[in-house]
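Right, one structure below, let's go through it.
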Amino acid sequence: MQNRFEIGQAFETTVVAVTDSTIFIDLSAKSEGVVDRAELADENGNVSVKEGDKIKVFFTGEVHGEMRFTTKIAGGKADKEMIENAFKNQIPVEGHVESEIKGGFEVKIGSTRAFCPYSQMGYKNKEEPSAYVGKNLTFLITEYKNEGRNILVSNRKIGENEYNVQMAKIAAEIKEGTIVEAKVESLQSFGAFVNINGFRALLPISEVSMERISNVADVLEEGQEIKVKVIKADWKNEKVSVSLKALMADPWDTAEEDYPEGTKIDGTISRITDFGLFVNIGKGIDGLVHISELEDVSASTNLKKLYKPGQKMSVVVKEVDGEKKRIALQTASSVEQDKTASKYMAEQDDDGETYNPFAAFLKK
Numbered sequence: 114m115q116n117r118f119e120i121g122q123a124f125e126t127t128v129v130a131v132t133d134s135t136i137f138i139d140l141s142a143k144s145e146g147v148v149d150r151a152e153l154a155d156e157n158g159n160v161s162v163k164e165g166d167k168i169k170v171f172f173t174g175e176v177h178g179e180m181r182f183t184t185k186i187a188g189g190k191a192d193k194e195m196i197e198n199a200f201k202n203q204i205p206v207e208g209h210v211e212s213e214i215k216g217g218f219e220v221k222i223g224s225t226r227a228f229c230p231y232s233q234m235g236y237k238n239k240e241e242p243s244a245y246v247g248k249n250l251t252f253l254i255t256e257y258k259n260e261g262r263n264i265l266v267s268n269r270k271i272g273e274n275e276y277n278v279q280m281a282k283i284a285a286e287i288k289e290g291t292i293v294e295a296k297v298e299s300l301q302s303f304g305a306f307v308n309i310n311g312f313r314a315l316l317p318i319s320e321v322s323m324e325r326i327s328n329v330a331d332v333l334e335e336g337q338e339i340k341v342k343v344i345k346a347d348w349k350n351e352k353v354s355v356s357l358k359a360l361m362a363d364p365w366d367t368a369e370e371d372y373p374e375g376t377k378i379d380g381t382i383s384r385i386t387d388f389g390l391f392v393n394i395g396k397g398i399d400g401l402v403h404i405s406e407l408e409d410v411s412a413s414t415n416l417k418k419l420y421k422p423g424q425k426m427s428v429v430v431k432e433v434d435g436e437k438k439r440i441a442l443q444t445a446s447s448v449e450q451d452k453t454a455s456k457y458m459a460e461q462d463d464d465g466e467t468y469n470p471f472a473a474f475l476k477k
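Be aware that the sequence shown starts at 114, since it is given in our numbering, and climbs by one per residue.
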């Protein structure tokens, strides 16, 4: 079979199968290439790819009729020619971090020594310099001079490339409007951070519940698994916002039927403004008692001195606009008071008497 690839040529393809020793990749035209399984296995032997995954490889040549590829050049097997070829074709190489020296690290690739500056070691979650010494890491050769006597390598570029590939994959899955599974990582005063396939997204406190809440811990707990809707995805700045509220039924959709004009309700003051009181009359429903509806107050009255959030208030529905999510309220006697009065009046009617407060007092 005639080779269609040059040594070192990069090739993005699909994993066809994973066996105990080999990873087969699709070369089209009814042919397959092979990659050593060990290249993509961790210390426990677990492989990081599966059938159907996309993978980037580099052609290393044909051996006994097999088209062989690599994801990186193994450091122990690297000779001068392979290292030069890796530089020219930007093939990742495996290197052993020998020691920390002035300005960075001495790295051994096969029998060849290279230098990795501090700035080019690690990416994102960088460790203390001493933590890298003694490890086998993957590098890109950024400079190759004096016939290999002066070699510069970068581990950071490997991390950047892997991160960009991972972010592109996540961005394809987490799009605005999609509903995804998430796990609550931490609770904050402004909301919660949730994990979506390894990406950290923000669930703002305003998107946690239909009701106004002041403490996220009243609704969520760390480790809890939830479904959320992606409401904003800014991948340029790697910021994603999600909503739990968006998946809940909106009580305003049926507000006009649930709270017809004239309905009397015992509510709770949820918010106090200069122009009136917002009163919660149902889950996720706050109505406004305008200052003009309050007795013994004027437009200049400081309502916060007369009322407190959480205070009970009986109101009557004046007007409902479900589309604009507005309900106008006015104060009223409590529903409980009305029930008590109605019951007492009914008892008096059963005696066949007209209600007389003084007569009722004499009967006691």
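Even for Gly, the Cβ is constructed at its ideal location relative to N, Cα and C.
Residue i to residue j span [Cα, whole Å]
i           : j           : result
residue 439 : residue 399 : 8 Å
residue 256 : residue 267 : 10 Å
residue 287 : residue 308 : 12 Å
residue 158 : residue 131 : 13 Å
residue 259 : residue 226 : 13 Å
residue 262 : residue 196 : 11 Å
residue 253 : residue 191 : 14 Å
residue 211 : residue 289 : 47 Å
residue 423 : residue 437 : 25 Å
residue 442 : residue 365 : 16 Å
residue 241 : residue 154 : 26 Å
residue 126 : residue 324 : 50 Å
Residues near residue i by beta carbon distance below 7 Å, same chain, minus five either side
i           : result
residue 294 : 338 and 340
residue 380 : 392, 393, 394, 426 and 428
residue 152 : 183, 184 and 185
Residue burial classification, residue i (beta-carbon count within 10 angstroms, cutoff 16)
i           : result
residue 419 : exposed
residue 346 : buried
residue 374 : exposed
residue 348 : exposed
residue 265 : buried
Selection from the options that minimises the alpha carbon distance to residue i
i           : options               : result
residue 269 : 248, 231, 288 and 225 : 231
residue 85  : 403, 158 and 426      : For the chain, the structure presents residues 114 to 477; residue 85 sits outside this window and is missing.
residue 180 : 342, 141 and 372      : 141
residue 121 : 205, 163, 285 and 168 : 205
residue 362 : 322, 327, 408 and 208 : 322
residue 303 : 195, 319, 310 and 242 : 319
residue 118 : 160, 129, 175 and 168 : 175
residue 367 : 325, 435, 274 and 275 : 435
residue 306 : 264, 292, 350 and 355 : 355
residue 357 : 237, 387, 342 and 135 : 342
residue 326 : 388, 396, 359 and 173 : 396
residue 163 : 173, 445 and 139      : 139
Own chain residues within Cβ distance below 8 Å of residue i, not counting five before or after
i           : result
residue 300 : 329, 330, 333, 334 and 335
Sequence-distant residues of the same chain with beta carbon closer than 6 Å to residue i, five excluded per side
i           : result
residue 384 : 391
residue 115 : Bear in mind that a pLDDT of 44 at residue 115, under 50, signals an unreliable position, so the number given afterwards is only what the model happens to contain. Same-chain partners within the cutoff: there are none.
Three or more C-beta pairs closer than 8 Å, one from the region 230 to 247 and one from the region 194 to 202: is that the case here?
-> no
Answer yes if the region 276 to 292 comes into contact with the region 214 to 228, meaning at least three C-beta pairs across the two stretches below 8 Å, and no otherwise.
-> no
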